[in-house]
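Those letters in the sequence shown? Residues 5 to 326, by the working numbering.
One structure is given below, encoded as structure tokens.
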Amino acid sequence: MENKKIELIRLLSQTDGKPISGEHIGRKLEISRTMVWKYIQSLQSQGYSIISSPGKGYILNSVPDSLLPELVQAGLETDILGTDIRHNAELESTNDYAKTIAKYAKEGTVVVAEVQKKGRGRKGFDWVSPRGGVWISIILKPSIVPADASRLTLVGGLAVVDSLKSIGLNPSLKWPNDVLVNGKKICGILTEMEAEIDRVEYIVLGLGINLNFNTDMLPEEIQDGSTTISDELGTYVDRLEFVCSLLYNLEQYYIHFKTQPFEELMERWIDSSDTIGRNVRIVTPSKMVDGRAIGITLSGGLLLQKNDSSTEEIMSGRCIYS
Ligand code: BTN
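This is the structure in structure tokens:
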């Protein structure tokens, strides 16, 4: 049923506004015209506006502004990510939900919510997630050791950067998990895992992207340091296209991550970095370290040159520009 729906949406989307007959659809989908009509009615009940013109056929007028699986899948060009999409109108947190299904879910399963009620950021901070954003978690099952899991945060950042560039923005990466545009945060990444001592069972890669809403929807204390895609571009962007592009880019980087040495991705991250070369203060639960960010390590840590010229690798912490 779902595959036929996806094919039907693809067919309806490719007609350049011209009607497509029930007979033609039926032939392509190998179903009867009565079944075509049933699928059309089911789509209409979900909020698709489809005009039925007697004797001519069907025209897709508009689709719901919702990241419905069949809509995302109709535009996806991936083999691993998004073959299973769990869409929710509202969730507390897509990462939390993803963790409840991850053990038995297949690699690449995507959890998406239109709104999150208790979105989580790093270090227990809240992540405010109004309608119009992209709140998404991807379940990955790479054969890696737990120490390498942080690399996936960098991989996620690279994918977001490419998708933002493709819509005309000029993003940069702030270690460890932020994507910035014009120095303001537009995306945060929360990577969580379940692991044994020497083996990762699964990773949940949570991406929060401020897309079609105004910064004034965010808590006052973070408004100055945050931005959204629509604020930057002065217009709304197609959320579906953005998510398809994101999953495509993420899959390309993920395949690279699984099959090639990490150095190349590390170099790419450094090329897009806003952090390397800056004087920073890193705050961890146990200490505070000042220094100059001089590189990224193979484990995804930040390499700091301290004031006494010694170097230290910091694996995680809050990064404050001095
Ligand atoms: C941060 O910058 O602190 C990370 C923010 C991560 C937010 C995303 S939104 C989708 C996923 N679900 C969550 O609860 N958090 C992540």
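Ideal Cβ positions, reconstructed from N, Cα and C, are used throughout, including at glycine.
Model, not experiment: these values are computed from the prediction.
Residue i burial status per 10 Å Cβ neighbour count (16 or more: buried)
i    : result
K107 : exposed
T195 : buried
F261 : buried
R155 : buried
I298 : exposed
G86  : buried
I44  : buried
R203 : exposed
N7   : exposed
A78  : buried
L72  : buried
T98  : buried
T315 : exposed
V149 : exposed
N65  : exposed
T113 : buried
D182 : buried
I142 : buried
D294 : exposed
A93  : exposed
N255 : Inspection of the sequence shows that residue 255 is occupied by Glu rather than by Asn. Flag for E255 reads buried.
F129 : exposed
Among the options, the one whose alpha carbon lies nearest that of residue i
i    : options                : result
T82  : S249, D312, K291, D228 : S249
W131 : N65, V164, M221        : M221
M197 : L144, K188, G161       : L144
V3   : V284, L12, L244, N174  : The first residue shown for the chain is 5 and the last is 326, placing residue 3 beyond what the model contains.
G192 : E267, I226, W41        : I226
S170 : R14, V287, N253        : N253
K178 : Q77, S70, S57, L306    : L306
E96  : K110, T104, V119       : V119
G229 : Y325, T113, D100, E27  : Y325
M292 : M270, I280, D312, I318 : I318
E27  : D20, N216, M39, D275   : M39
G172 : A109, S234, D294, L16  : S234
K188 : K121, D278, G30        : D278
N186 : L237, G160, V159       : L237
DSSP three-state assignment for residue i, whether helix, strand or coil
i    : result
P223 : coil
P150 : helix
G160 : helix
G128 : helix
Q18  : coil
G30  : helix
R322 : strand
Q264 : coil
I55  : strand
I46  : The question names Ile, but residue 46 in the sequence shown is Ser. Here S46 sits in helix by DSSP.
Y252 : helix
V241 : coil
I35  : coil
I143 : strand
Opposing strand residues paired with residue i [DSSP bridges]
i    : result
C191 : V183, I213
K178 : D182
L4   : Since the first residue shown for the chain is 5 and the last is 326, residue 4 is missing from the structure and cannot be characterised.
M197 : I207
Q120 : L95, S133
I24  : Y62
S230 : K189
V115 : R90, S141
query: Which parts of the stretch 66-110 are runs of the alpha helix (DSSP H), unbroken and 4 residues or longer, counting only runs that do not cross its ends?
result: 73-79, 98-105
task: Entirely within the stretch 272-297 and at least 3 residues each: give me those beta strand (DSSP E) ranges in chain order.
output: 283-287
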